[in-house]
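Engineer: Here the protein sequences come in this chain order: D and P. Per the working numbering, the first sequence starts with residue 1, numbered consecutively. Per the working numbering, the second sequence starts with residue 1, numbered consecutively. Built from N, CA and C at the ideal position, the CB exists for glycine as well. This is the structure I want to talk about, given as structure tokens.
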Amino acid sequence: MLADDFFLVAWDTTGSGRSRLHLQGIALGLAGALIAELVLAQRISVRGVRLGMVDARPVGEKVADNVLSEISNSSHHTDVRTWLAYLAQRSVADVSGRLESAGLLQRETPKLLKRRQPRYFSTDFSRAMWPVTRLRLGLVRRQPLSPEDMALATLVDACDLTGTVLDEPSDRRVARQYLTTLLAAMPQPLSDLSRQVGAAVGDAVLTYRI
Amino acid sequence: MRTVKSAESDPISGALAADRLGAPSVVYFVLSAAAPLTVVAGVVTTAYAITGITGLPVAFLVVGIVLAVFAVGYVAMARHMANAGAFYTYVTRGLGRPAGIAAAWVALIAYNALQVGLYGAFGAATTPLIERWAGVTPPWWVVSLIAWALVAVLGVMRVDVNGRLLAVLLTAEVAVILLFDLADLINPAPSGFSMETLSPGALFEPGVGALLVIATLGFVGFESSVVFSEESREPRRTVPLATYSAVAIIAGLYALSSWAMTVATGPAAIVATAQRDQADTIFVLAAQHLGGTVVDIARVLFATSVFAAMISFHNTTARYFFALGRERVLPAVFGRTRARSGAPKAGSIAQSVFGLVVIAVYALLGLDPLVQLFFYGGSFGGFGVLLLIFVTSIAIIVFFLREPSGETVARRLVAPVPAAIALAVMVWLALDNFGTLLGVPEGDPLAWILPAVYGVAVVVGLLWAITLRSRQPAVYSQVGMGAKAATTRDLT
Numbered sequence: 001m002l003a004d005d006f007f008l009v010a011w012d013t014t015g016s017g018r019s020r021l022h023l024q025g026i027a028l029g030l031a032g033a034l035i036a037e038l039v040l041a042q043r044i045s046v047r048g049v050r051l052g053m054v055d056a057r058p059v060g061e062k063v064a065d066n067v068l069s070e071i072s073n074s075s076h077h078t079d080v081r082t083w084l085a086y087l088a089q090r091s092v093a094d095v096s097g098r099l100e101s102a103g104l105l106q107r108e109t110p111k112l113l114k115r116r117q118p119r120y121f122s123t124d125f126s127r128a129m130w131p132v133t134r135l136r137l138g139l140v141r142r143q144p145l146s147p148e149d150m151a152l153a154t155l156v157d158a159c160d161l162t163g164t165v166l167d168e169p170s171d172r173r174v175a176r177q178y179l180t181t182l183l184a185a186m187p188q189p190l191s192d193l194s195r196q197v198g199a200a201v202g203d204a205v206l207t208y209r210i
Numbered sequence: 001m002r003t004v005k006s007a008e009s010d011p012i013s014g015a016l017a018a019d020r021l022g023a024p025s026v027v028y029f030v031l032s033a034a035a036p037l038t039v040v041a042g043v044v045t046t047a048y049a050i051t052g053i054t055g056l057p058v059a060f061l062v063v064g065i066v067l068a069v070f071a072v073g074y075v076a077m078a079r080h081m082a083n084a085g086a087f088y089t090y091v092t093r094g095l096g097r098p099a100g101i102a103a104a105w106v107a108l109i110a111y112n113a114l115q116v117g118l119y120g121a122f123g124a125a126t127t128p129l130i131e132r133w134a135g136v137t138p139p140w141w142v143v144s145l146i147a148w149a150l151v152a153v154l155g156v157m158r159v160d161v162n163g164r165l166l167a168v169l170l171t172a173e174v175a176v177i178l179l180f181d182l183a184d185l186i187n188p189a190p191s192g193f194s195m196e197t198l199s200p201g202a203l204f205e206p207g208v209g210a211l212l213v214i215a216t217l218g219f220v221g222f223e224s225s226v227v228f229s230e231e232s233r234e235p236r237r238t239v240p241l242a243t244y245s246a247v248a249i250i251a252g253l254y255a256l257s258s259w260a261m262t263v264a265t266g267p268a269a270i271v272a273t274a275q276r277d278q279a280d281t282i283f284v285l286a287a288q289h290l291g292g293t294v295v296d297i298a299r300v301l302f303a304t305s306v307f308a309a310m311i312s313f314h315n316t317t318a319r320y321f322f323a324l325g326r327e328r329v330l331p332a333v334f335g336r337t338r339a340r341s342g343a344p345k346a347g348s349i350a351q352s353v354f355g356l357v358v359i360a361v362y363a364l365l366g367l368d369p370l371v372q373l374f375f376y377g378g379s380f381g382g383f384g385v386l387l388l389i390f391v392t393s394i395a396i397i398v399f400f401l402r403e404p405s406g407e408t409v410a411r412r413l414v415a416p417v418p419a420a421i422a423l424a425v426m427v428w429l430a431l432d433n434f435g436t437l438l439g440v441p442e443g444d445p446l447a448w449i450l451p452a453v454y455g456v457a458v459v460v461g462l463l464w465a466i467t468l469r470s471r472q473p474a475v476y477s478q479v480g481m482g483a484k485a486a487t488t489r490d491l492t
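So this is what it looks like as structure tokens:
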């Protein structure tokens with residue numbers, strides 16, 4: 001699912017086992033991806049800064065259904081930013097847990113410093129590399145992308161991870177131009193959502209305490 | 001009757017509130033940026049030495065009152081802003097985008113000046129310590145370059161400087177300042193216990209504009225309370241309360257400390273004492289009554305205070321670059337973060353490069369780090385911030401005339417209008433007395449060159465705005481949005 005792919009892009013599960021992205025960024029990105037999953041499944045809609053229920057039927061996956069039922073139970077909260085902030089509080093645990101229970105991820109809790117982030121290692125190298133590879137190829141060759149991959153690409157960019165996915169400066173330039181095109185062409189709810197994530201990540205920089 | 005869900009029964013609001021800040025936390029963040037010991041030990045003493053006039057204590061009180069009145073409209077307008085973080089966003093909303101861009105340029109210059117000035121202070125604050133402990137006297141720029149490198153690395157890595165550590169340091173700083181004040185006050189000079197420097201009469205001296213700029217410099221940082229609007233528990237209450245408290249604490253603490261020094265030396269001797277002992281003044285005064293250990297601790301706190309201020313102003317400046325980069329007013333690269341740390345990388349690097357150049361130029365020309373770097377940088381930056389506050393005060397009035405936004409007349413007009421008038425007088429006096437501020441003889445070109453830099457920045461900003469409007473209307477339309485510019489981007 002989309003949030004799983006985002007996690008595998010943002011977390012170096014085949015190397016150091018650590019996040020490639022700062023904690024606030026990955027938490028907001030994953031929160032955005034969790035909402036995007038429900039948008040793609042046509043359960044909720046996003047328009048501008050607002051979000052609303054379309055269909056409360058479960059999608060048949062525990063984490064996504066959990067998010068869905070929370071949104072339907074608190075339908076008076078319609079601000080995308082409120083939901084991003086709320087879901088960001090546990091999005092890393094939720095999505096890594098989902099990958100773990102699918103047997104794709106192994107968690108290694110630090111023994112000494114318990115408060116540090118755990119490390120995550122993938123059990124399936126090619127599955128772990130696939131989202132990054134797909135993004136690279138799609139963005140550099142300017143291939144048409146599925147709605148899910150458009151959402152992934154723009155969310156990754158909203159968290160300033162495009163530079164990490166693409167090493168070559170020339171590739172980055174091509175990719176950024178293509179991302180602008182994508183944002184204009186992709187379904188409105190998904191592009192609005194990515195923009196909200198981008199704004200949340202930016203505001204996190206501006207309100208950083210100190 | 002329909003029952004409204006209260007915050008307690010709402011799990012979403014409840015979970016989000018747990019993370020939010022109360023007024024005391026916001027005050028702490030604001031004050032740690034204000035770095036009290038840096039101001040008391042560095043700014044106040046140098047100000048006495050350079051300007052040669054003694055009305056600074058009452059100037060702190062007067063500026064505190066003006067800023068408190070200004071803050072009424074400021075915090076009211078903050079509630080209606082998408083990006084409440086910076087003065088230029090207020091100017092944009094109130095006076096239009098060209099004025100906003102011009103204000104952004106002024107702010108970039110002012111905050112950069114304040115930041116690099118601190119490199120000079122760090123040299124002055126640490127050299128006595130190194131002399132004492134290591135027995136060697138390194139040139140100031142060696143120490144400053146080490147500090148510079150640390151700040152540059154911390155800025156890009158965005159290493160968490162522990163909030164609790166900062167709170168402890170701040171508390172210790174304030175405790176030391178109060179202890180020194182007490183020692184000064186119970187040991188007045190032979191000439192007797194004098195309230196002279198606290199009397200309003202002390203303001204009617206030639207050169208008062210200089211004092212007003214220095215006092216404003218002491219308050220820089222109070223404006224950042226509104227940054228936390230979206231992160232505070234009850235924005236309508238927390239942010240105003242925090243802002244007024246910060247202004248009151250700063251005004252009280254600095255007025256008390258600058259007055260206590262004049263009591264200890266006698267008002268007639270403070271200028272000569274400060275000229276002789278420079279940034280050492282308060283430590284020399286305290287050493288007579290408090291003993292070496294306390295004074296040594298205080299010296300260490302002075303150094304940590306300057307360092308904390310350096311990091312804080314570095315980050316503020318980098319965020320200015322970042323916000324403008326997100327709006328695409330500056331190149332997009334300034335709007336990107338470093339993935340690993342989330343630091344505003346390009347802005348941070350730009351600030352560091354500027355700092356390095358300034359340190360190098362000062363070292364090569366053999367200029368004085370305390371007076372010509374720290375004090376001139378602080379005065380120049382402080383004047384820039386005063387200009388920004390003044391223009392913002394006008395923007396607030398114009399904004400509320402156009403959009404009353406449900407605020408009371410007191411917040412829209414009764415407080416903002418007198419604040420704007422008082423600020424206008426302050427700017428005028430500052431311009432008139434800029435020579436006194438720098439301690440240069442009348443007719444010295446520096447006294448008009450430095451203020452003119454801001455004039456040039458305004459003109460360049462206005463031209464930039466006109467260019468953007470005709471060439472990149474999509475960028476022009478999102479000036480002042482900060483990070484939220486991303487949400488309204490027209491695609492070009």
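For V92/D, collect the residues of the same chain with a Cβ closer than 7 angstroms to its Cβ; drop the 5 residues on either side in sequence, then sort them by chain order.
Structural biologist: In the first sequence, residue 92/D corresponds to position 92, counting from 1. The residues are I26, A27 and L30.
Engineer: Step through the CB atoms of chain D and report whether any lies within less than 9 angstroms of the CB of S13/P.
Structural biologist: Counted from its first residue, the second sequence places residue 13/P at position 13. Closer than 9 angstroms: yes.
Engineer: Report back the beta-carbon spacing between G355/P and Y119/P to the nearest angstrom; my notes put them in contact at under 8 angstroms.
Structural biologist: Indexing the second sequence from 1 puts residue 355/P at position 355. Indexing the second sequence from 1 puts residue 119/P at position 119. Right, their Cβ atoms sit about 6 angstroms apart.
Engineer: Please confirm if D19/P has its CB atom under 9 angstroms from at least one CB of chain D.
Structural biologist: For the purposes of this step, residue 19/P is taken as the residue at position 19 of the second sequence. D19/P counts as touching chain D.
Engineer: Examine chain D for any beta-carbon lying closer than 9 angstroms to the beta-carbon of R276/P, and answer yes or no.
Structural biologist: As a first step, residue 276/P must be located in the second sequence, where it is residue number 276. Chain D, which has no Cβ nearer than 9 angstroms to the Cβ of R276/P, makes this no.
Engineer: Give the DSSP-derived three-state secondary structure of G48/D in the structure shown.
Structural biologist: The residue given as residue 48/D occupies position 48 in the first sequence. Residue state, collapsed to three classes: coil.
Engineer: Grab the span of the alpha helix (DSSP H) containing E70/D for me, first residue to last.
Structural biologist: The residue given as residue 70/D occupies position 70 in the first sequence. Here the alpha helix (DSSP H) through E70/D covers K62 to N73.
Engineer: Determine the chain P residues that contact D154/D at a beta-carbon separation under 7 angstroms, and present them in chain order.
Structural biologist: As a working mapping, residue 154/D is identified with position 154 in the first sequence. One point to set straight first is that residue 154/D is Thr, not Asp, in the sequence displayed. Those do not exist, as T154/D stays about 11 angstroms from chain P at its closest Cβ, beyond 7 angstroms.
Engineer: Could you say which of D94/D, E37/D and S170/D lies nearest to R136/D if we only look at CA atoms?
Structural biologist: What you label residue 136/D is simply residue 136 of the first sequence in a count that begins at 1. Per the Cα distances, S170/D.
Engineer: Please specify which runs of the alpha helix (DSSP H), each continuous and at least 4 residues long, are wholly inside the region 29-109 of chain P, giving them in chain order.
Structural biologist: Within the region 29-109 of chain P, the complete alpha helix (DSSP H) runs of at least 4 residues are 45-51, 56-78 and 87-95.
Engineer: Any beta-carbon of chain P closer than 9 angstroms to the one on G15/D?
Structural biologist: Here the question's residue 15/D lines up with position 15 in the first sequence. So, not an interface residue.
Engineer: Considering only the beta carbon of each residue, do A158/D and V197/D sit closer than 9 angstroms?
Structural biologist: On the first sequence, residue 158/D is found 158 positions in, with the first residue counted as 1. On the first sequence, residue 197/D is found 197 positions in, with the first residue counted as 1. For A158/D and V197/D, yes; Cβs fall inside 9 angstroms.
Engineer: According to DSSP, simplified to helix, strand and coil, what is F121/D?
Structural biologist: The residue you call residue 121/D lines up with position 121 of the first sequence. Three-state DSSP puts F121/D in a strand.
Engineer: Starting from the beta carbon of T82/D, find every residue of chain P whose beta carbon is closer than 9 angstroms, and list them in chain order.
Structural biologist: As a working note, residue 82/D is residue 82 in the first sequence. Those within 9 angstroms of T82/D in chain P are I12, S13 and L16.
Engineer: If I follow the unbroken beta strand (DSSP E) through L370/P, where does it start and stop?
Structural biologist: As a first step, residue 370/P is located in the second sequence; it is residue number 370 there, counting from the start. Element bounds for L370/P: n/a, residue is neither H nor E.
Engineer: In whole angstroms, what separates the C-alpha of G207/P from that of L387/P?
Structural biologist: Here the question's residue 207/P lines up with position 207 in the second sequence. Here the question's residue 387/P lines up with position 387 in the second sequence. Going by the C-alpha atoms only, they are around 18 angstroms apart.
Engineer: Contact between the region 303-310 of chain P and the region 76-92 of chain P: three or more CB pairs below 8 angstroms?
Structural biologist: With the cut-off at 8 angstroms, the region 303-310 of chain P and the region 76-92 of chain P do not touch.
Engineer: Check the Cβ-Cβ distances between E168/D and every residue of chain P, and say whether any is below 9 angstroms.
Structural biologist: Walking along the first sequence from the start, residue 168/D turns up at place 168. For E168/D, the answer is no, since every Cβ of chain P falls outside 9 angstroms of its Cβ.
Engineer: By the three-class DSSP mapping on this structure, what secondary structure does E108/D have?
Structural biologist: By 1-based counting over the first sequence, the position of residue 108/D is 108. In the structure shown, E108/D sits in a strand (DSSP, three-state: E or B).
Engineer: CB-CB under 6 angstroms to S352/P, same chain, minus the five flanking residues each way: which ones, in chain order?
Structural biologist: Here residue 352/P refers to the residue found at position 352 when the second sequence is read from its first residue. Cβ within range, chain order: A152.
Engineer: For S45/D, go through chain P and note every residue whose CB falls closer than 9 angstroms to its CB, in chain order.
Structural biologist: Against the first sequence, residue 45/D aligns to sequence position 45. Chain P residues near S45/D: none, gap ~17 angstroms exceeds 9 angstroms.
Engineer: Take D65/D and list the residues in its own chain whose beta-carbon comes closer than 7 angstroms to its own, dropping the five residues that flank it on each side.
Structural biologist: As a working note, residue 65/D is residue 65 in the first sequence. For D65/D, where only same-chain residues beyond five positions count, the Cβ hits under 7 angstroms are P58 and V59.
Engineer: Among G96/P, D432/P, A202/P and P240/P, which residue has its Cα nearest to the Cα of L61/P?
Structural biologist: For the purposes of this step, residue 61/P is taken as the residue at position 61 of the second sequence. That would be A202/P, whose Cα lies nearest to the Cα of L61/P.
Engineer: Compare the C-beta of E230/P against all C-beta atoms of chain D and say whether one is closer than 9 angstroms.
Structural biologist: Numbered from its first residue, the second sequence carries residue 230/P at position 230. Yes, its Cβ sits closer than 9 angstroms to a Cβ of chain D.
Engineer: Under the criterion of a Cβ to heavy atom distance below 8 angstroms, does L179/D qualify as lining the ligand ADP?
Structural biologist: The ligand ADP is absent from the structure shown, which contains no ligands of any kind.
Engineer: Just how far apart, CA to CA, sit E108/D and A102/D?
Structural biologist: What you label residue 108/D is simply residue 108 of the first sequence in a count that begins at 1. What you label residue 102/D is simply residue 102 of the first sequence in a count that begins at 1. Distance between the alpha carbons of E108/D and A102/D: 16 angstroms.
Engineer: Going straight from the alpha carbon of L256/P to that of A175/P, what length do you get?
Structural biologist: Counted from its first residue, the second sequence places residue 256/P at position 256. Counted from its first residue, the second sequence places residue 175/P at position 175. One C-alpha to the other measures close to 13 angstroms.
Engineer: Is there a Cβ from chain P that is less than 9 angstroms from the Cβ of L161/D?
Structural biologist: Locating residue 161/D in the first sequence gives position 161, where the first residue counts as 1. At least one chain P Cβ lies under 9 angstroms of L161/D.
Engineer: What residues from chain P crowd round T78/D, counting only those whose CB sits closer than 7 angstroms?
Structural biologist: For the purposes of this step, residue 78/D is taken as residue 78 along the first sequence, with counting starting at 1. Those within 7 angstroms of T78/D in chain P number zero; the least Cβ separation is about 11 angstroms.
Engineer: State yes or no: is the C-beta of V106/P within less than 9 angstroms of the C-beta of Y476/P?
Structural biologist: For the purposes of this step, residue 106/P is identified with residue 106 of the second sequence, where counting begins at 1. For the purposes of this step, residue 476/P is identified with residue 476 of the second sequence, where counting begins at 1. No, these two residues do not count as a Cβ contact at 9 angstroms.
Engineer: Spell out whether any CB of chain P is found under 9 angstroms from the CB atom of I210/D.
Structural biologist: Counting from one through the first sequence, the residue named residue 210/D turns up at place 210. Its pLDDT being 48, under 50, I210/D is placed unreliably in this model, and the coordinates cannot settle the point.
Engineer: Determine the direct distance from the alpha carbon of A88/D to that of L450/P, and round the result to whole angstroms.
Structural biologist: Taking the first residue of the second sequence as 1, we reach residue 450/P at position 450. Taking the first residue of the first sequence as 1, we reach residue 88/D at position 88. Using only the alpha carbons, I get a separation of about 47 angstroms.
Engineer: Is the Cβ-Cβ distance between V49/D and R90/D less than 9 angstroms?
Structural biologist: As a position in the first sequence, residue 49/D is number 49, starting the count at 1. As a position in the first sequence, residue 90/D is number 90, starting the count at 1. Result no, Cβ atoms of V49/D and R90/D do not sit closer than 9 angstroms.
Engineer: For P404/P, go through chain D and note every residue whose CB falls closer than 8 angstroms to its CB, in chain order.
Structural biologist: On the second sequence, residue 404/P is found 404 positions in, with the first residue counted as 1. Chain D residues near P404/P: none, gap ~24 angstroms exceeds 8 angstroms.
Engineer: Is it right to say E231/P is buried, meaning 16 or more other beta carbons lie within 10 angstroms of its own, or is it exposed?
Structural biologist: Here residue 231/P refers to the residue found at position 231 when the second sequence is read from its first residue. So E231/P counts as buried.
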